[in-house]
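Okay, so the sequence shown: first residue is 12 according to the numbering used here, each after it adds one. What follows is a set of notes on a single structure, which appears directly below.
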Amino acid sequence: MSQQDILLETGTNELEIIEFFVHEKTPDGPRTHYFGVNVAKVLEVVEAPEGLDGSEAASHPSFLGTIPLRDLILPVIDLSVWLSMVRDKSLNEPIIVTEFNAMITGFLVSGVTQIHRVNWKDVEPPSKYVASMDTNCITGTVQINERFVLMLDLERMLADLDSANQRQSGADAVYSEERYRALVADDSTSVRELLKRNFSEANFDVTVVGDGAEAWDRLLAVKARAEEEGSSPLDHLDVVVSDIEMPRMDGYTLTRRIKEDPVLRALPVALFSSLISKGVEHKGKAVKADLQVTKPEFHGLTRKVIDLIKGWKTGVGA
């Protein structure tokens with residue numbers, strides 16, 4: 012087992028990011044923009060074949076078509092087009108091959124620099140103004156050496172490109188006869204809004220926050236209130252639902268803190284992330300998460316959370 016696996020399993024709030032860049036054509040000459048994505052989402056980096064270009068018939072201008080990759084047919088997205096840039100093209104450009112949301116996708120960029128280990132507390136969330144924009148695709152910024160690297164919301168990108176998946180997310184709604192209360196933490200504006208809508212429609216009182224640190228502050232307030240009243244946190248909150256990748260404090264660390272707290276451990280915790288797969292479920296189990304659901308199974312999440320709460324209240328999961 013690698014040191015990275017050990018660090019992530021114990022919830023020490025660390026991650027490794029792969030840094031890459033896009034050369035943009037501007038009236039003042041080429042300009043380089045630096046971005047990052049969690050290494051856990053990256054399978055490999057390959058060289059783009061010659062002649063890879065978009066088509067007017069493509070479902071989205073950023074879709075470059077597919078290329079063979081061993082036993083795969085890999086869809087490739089031009090990251091610069093999706094970011095509304097005109098890329099300054101060069102030879103031997105790389106494709107970052109990713110796997111998340113149960114999909115394997117390639118993203119064409121201008122170049123890749125290196126892998127960096129950082130702490131989530133050093134990843135600053137975007138300003139409230141930027142985060143509130145419908146087109147926001149930045150989940151955070153981190154300073155590496157003397158430059159700022161923008162963390163990209165690749166899930167938002169694929170959701171925008173896959174309108175059929177978005178339509179599916181509104182189907183098969185669920186409803187709870189009993190009113191429940193949920194604290195939901197996710198750094199993606201679009202995901203927060205969708206989760207808030209889904210849980211609200213399922214008869215939940217929903218509080219949404221943008222990262223694990225803000226969720227922890229809310230939980231400390233719940234703990235203080237419970238201790239003051241001599242009650243249980245379950246008298247004020249029924250469940251915590253958290254993403255894994257978030258600025259300042261990730262979902263593993265948040266879960267570990269909850270489960271190590273003598274008061275807050277009474278609360279059930281559900282992790283909801285594109286990173287969750289059979290190969291990494293042991294990380295959520297290591298921090299004692301009570302439920303792990305893979306994005307983008309939004310209504311599946313709602314149903315499973317309701318079942319988790321019911322089981323918790325009857326002592327099955329407590």
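Beta carbons are placed, not taken as given, at the ideal position from N, Cα and C, and that holds for glycine.
The alpha helix (DSSP H) spanning residue 313 covers which residue range?
309-324
Would you kindly work out how many angstroms separate the C-alpha atoms of residue 70 and residue 322, rounded to a whole number?
44 Å
Would you identify the three-state DSSP class for residue 209, choosing helix, strand or coil?
helix
Endpoints, the alpha helix (DSSP H) within which residue 293 is located
292-297
Identified DSSP bridge partners for residue 114:
111
Could you check what DSSP says for residue 170 in three-state terms: helix, strand or coil?
helix
Can you tell me whether residue 190 is helix, strand or coil according to DSSP?
coil
Out of curiosity, what's the CA-to-CA distance linking residue 289 and residue 302?
13 Å
At what residues does the beta strand (DSSP E) containing residue 305 begin and finish?
302-305
Any idea if residue 263 is buried or exposed, counting beta-carbon neighbours within 10 angstroms, 16 or more meaning buried?
buried
Would you please state the rounded distance, in angstroms, between the beta carbons of residue 191 and residue 250? I believe it to be under 8 Å.
7 Å
Beta-carbon proximity check, residue 33 vs residue 96, cutoff 8 Å
yes
With a cut-off of 8 Å on the beta carbons, I'd call residue 169 and residue 112 a contact; round off their distance for me.
6 Å
Identify whether residue 79 lies in helix, strand or coil by the three-state DSSP scheme.
strand
Determine the closest residue to residue 59 out of 82, 131, 294, 117, with distance taken between C-alpha atoms.
117
Could you spell out the range, first to last residue, of the alpha helix (DSSP H) harbouring residue 223?
223-240
Roughly how far, in whole angstroms, is the beta-carbon of residue 135 from the beta-carbon of residue 152, given that I think they are within contact range, below 8 Å?
5 Å
Per DSSP, what are the beta-bridge partners of residue 106 in this structure?
57, 119
Could you compute how far the alpha carbon of residue 241 sits from the alpha carbon of residue 271?
20 Å
DSSP puts residue 39 in a beta bridge; with which residues?
Paired residue(s): none; residue 39 is not in a bridge.
Coarse secondary structure for residue 97, derived from DSSP in three states
coil
How would you label residue 61, buried or exposed, when you count the other beta carbons within 10 angstroms and need 16 or more for buried?
exposed
Pull up the distance between the alpha-carbon of residue 282 and that of residue 154, whole angstroms please.
27 Å
As assigned by DSSP and simplified to three states, the class of residue 262:
helix
Identify which residue in 314, 233, 53 has its Cα closest to the Cα of residue 277.
233
Environment of residue 126 [buried if 16+ CB atoms lie within 10 Å]:
exposed
Which residue or residues does DSSP assign as beta-bridge partners of residue 154?
159
C-alpha gap between residue 123 and residue 41, whole angstroms
17 Å
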